[in-house]
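Colleague: Numbering-wise, the sequence shown is residues -21 to -1, 1 to 220 according to mature numbering (1 follows the signal peptide of the UniProt record, and there is no 0).
The beta carbon of each residue, even a glycine, is placed where N, CA and C say it ideally should be.
For clarity, every value in this text was computed on a predicted model and none was experimentally measured.
I'd like to ask you about the structure that follows.
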Amino acid sequence: MQIPRLFITTVAAIITAFSCAAQTNLISNGTFESWDHGMPSDWKYSLDASKTGIIKQAEGIGSGSVVLVQNKANITQATSLSPKSFVLSFNFTLNQDPSAPEFSQSFIINLYQTPALMDSGNAWISLRFQSNNVSTAPFSLWALNDSSGWQSLTGAVFEPSILKEDNVSFTEAKQYQLVLAFNGTSNTYVISYTPQGGKTTTLKPVAHFRNPTTHAGLKGLQFYSNNSGFALDDVTVNAAR
């Protein structure tokens, strides 16, 4: 499946606004086309102590295949450079769990300015998608502020996707793209999101940080699942100035 032209246009517009210094992707295998022993190449991973976490290759939502992450599991990767300003982009789904009519933080994104990518307490920017009822309800996006806690960025506007019984393809995929553009000069970031085939929504600049900005630059990413989890594809990080 080809990446929708709308998605490409959205990323290009935001990168242009930041006067992109280079178009080199600082993440390897962001399309999740390369796999080794059942895990995506170039990515590190971790499962919870009970080993109920799931990380597997599934049907693509942008490129040919995606990484599907469920229950308590995460994948991480260090960036090849440490840009002080950057644009992060990825395609994703938020997956429904009919057996779990409960509050869920199904998808957590942690950005790091230290090499300790596995410890969420060290995260610099933390975002999460949450649902008040992961069996039926849509998701909202939140950001963690070190002084005021989790801050709501959107309403419950992200529709859940439904996996088939094989757990590797979708009965109904509600695909989105998220773009986060961080400006090191203003120490703020702008988030935009686009549903596949829909219009882009750009949020106002915010300065919500889990830990204060050190201006050491972006060192790496963590994508973390709880409960029903998510599918992830086409991850890019581009340096900007």
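Hey, is the segment 186 to 195 in contact with the segment 99 to 116, meaning 3+ C-beta pairs nearer than 8 Å?
Modeller: The answer is yes - the segment 99 to 116 touches the segment 186 to 195, with three or more Cβ pairs under 8 Å.
Colleague: Going by the CB atoms, is the gap between Ser207 and Ser83 shorter than 8 Å?
Modeller: In the sequence shown, counting from the first residue as 1, residue 83 sits at position 104. In the sequence shown, counting from the first residue as 1, residue 207 sits at position 228. Yes, the pair counts as a contact, with Cβ atoms nearer than the cut-off.
Colleague: Our contact map puts Ile40 next to Asp212 with C-beta atoms below 8 Å; I'd like the distance itself, whole angstroms only.
Modeller: Position 61 of the sequence shown, counted from the first residue, corresponds to residue 40. Position 233 of the sequence shown, counted from the first residue, corresponds to residue 212. With a Cβ gap of about 5 Å, Ile40 and Asp212 count as contacting.
Colleague: Can you tell which of Thr193, Phe202, Gly128 and Thr115 has the C-alpha that lies nearest to the C-alpha of Pro62?
Modeller: Here the question's residue 62 lines up with position 83 in the sequence shown. Checking every option, the nearest Cα to that of Pro62 belongs to Thr193.
Colleague: Jot down the residue ranges of each uninterrupted beta strand (DSSP E) in the segment 70 to 138, minimum 3 residues, whole runs only, in chain order.
Modeller: Counting whole runs of 3 or more residues, the segment 70 to 138 contains the beta strand (DSSP E) stretches 83 to 91, 104 to 110, 119 to 124 and 128 to 131.
Colleague: Near Pro94, what residues of its chain come up, given a Cβ to Cβ distance below 6 Å and the 5 sequence neighbours on each side ignored?
Modeller: Here residue 94 refers to the residue found at position 115 of the sequence shown. So the qualifying residues of the chain are Lys198.
Colleague: When you compare only the Cα positions, how much space is there between Gly9 and Val214?
Modeller: Reading the sequence shown from its first residue, position 30 is the one you call residue 9. Reading the sequence shown from its first residue, position 235 is the one you call residue 214. So the two alpha carbons sit approximately 4 Å from each other.
Colleague: Between Ser171, Asn50 and Leu123, which lies nearest to Ala28 when the distance is taken from Cα to Cα?
Modeller: The sequence position of residue 28 within the sequence shown is 49, counting from 1. The shortest Cα separation from Ala28 among Ser171, Asn50 and Leu123 belongs to Asn50.
Colleague: Please check the pair Leu47 and Phe118, which I expect to be a contact at CB under 8 Å, by giving their CB distance rounded to whole angstroms.
Modeller: In the sequence shown, residue 47 corresponds to position 68, counting from 1. In the sequence shown, residue 118 corresponds to position 139, counting from 1. Contact doesn't hold; Cβ gap of about 17 Å is too wide.
Colleague: Please classify Ala219: is it buried, with 16 or more other beta-carbons within 10 angstroms of its beta-carbon, or exposed?
Modeller: Within the sequence shown, residue 219 is the residue found at index 240, counting from 1. Buried.
Colleague: Just checking my contact of Trp14 with Ser7 at CB under 8 Å: how many whole Å lie between their CB atoms?
Modeller: Within the sequence shown, the letter at position 35 stands for residue 14. Within the sequence shown, the letter at position 28 stands for residue 7. That belief does not hold up - the Cβ atoms of Trp14 and Ser7 are roughly 13 Å apart, past 8 Å.
Colleague: Work out the CA separation of Ser44 and Lys143 for me, nearest whole Å.
Modeller: The residue you call residue 143 lines up with position 164 of the sequence shown. The residue you call residue 44 lines up with position 65 of the sequence shown. Cα-Cα distance, rounded: 16 Å.
Colleague: For the candidate residues Thr3, Thr173 and Gln130, whose alpha-carbon lies nearest to that of Val158?
Modeller: Residue numbering aside, residue 158 sits at position 179 when the sequence shown is read from its first letter. Per the Cα distances, Thr173.
Colleague: Using the beta-carbon count (16 or more within 10 Å), is Asp125 buried or exposed?
Modeller: The residue labelled residue 125 in the question sits at position 146 within the sequence shown. So Asp125 ends up on the exposed side.
Colleague: Just the C-alpha distance for Val147 and Thr164, rounded to the nearest angstrom, thanks.
Modeller: By one-based count along the sequence shown, residue 147 stands at place 168. By one-based count along the sequence shown, residue 164 stands at place 185. If you take the alpha carbons of Val147 and Thr164, they lie about 42 Å apart.
Colleague: Determine the contact status of Ile54 and Phe202, defining contact as a CB-CB distance below 8 Å.
Modeller: Against the sequence shown, residue 54 aligns to sequence position 75. Against the sequence shown, residue 202 aligns to sequence position 223. Yes. Within cutoff.
Colleague: Can you grab the Cα-Cα spacing for the pair Phe149 / Ser68, in whole Å?
Modeller: For this step, residue 149 is matched to residue 170 along the sequence shown. For this step, residue 68 is matched to residue 89 along the sequence shown. Taking the straight line joining both Cα atoms gives about 22 Å.
Colleague: Go through its chain and collect everything with a Cβ distance to Asn4's Cβ below 6 Å, but skip five positions before and after it.
Modeller: Position 25 of the sequence shown, counted from the start, is the residue given in the question as residue 4. Counting only Cβ-Cβ distances below 6 Å, and skipping sequence neighbours, we find Thr215.
Colleague: Let's test the definition: count the other Cβ atoms within 10 Å of the Cβ of Gln2 and tell me whether it reaches 16, buried, or not, exposed.
Modeller: One-based indexing of the sequence shown puts residue 2 at position 23. Result: exposed.
Colleague: Residues bridged to Phe161 by DSSP?
Modeller: In the sequence shown, residue 161 corresponds to position 182, counting from 1. Paired residues: Phe65 and Tyr168.
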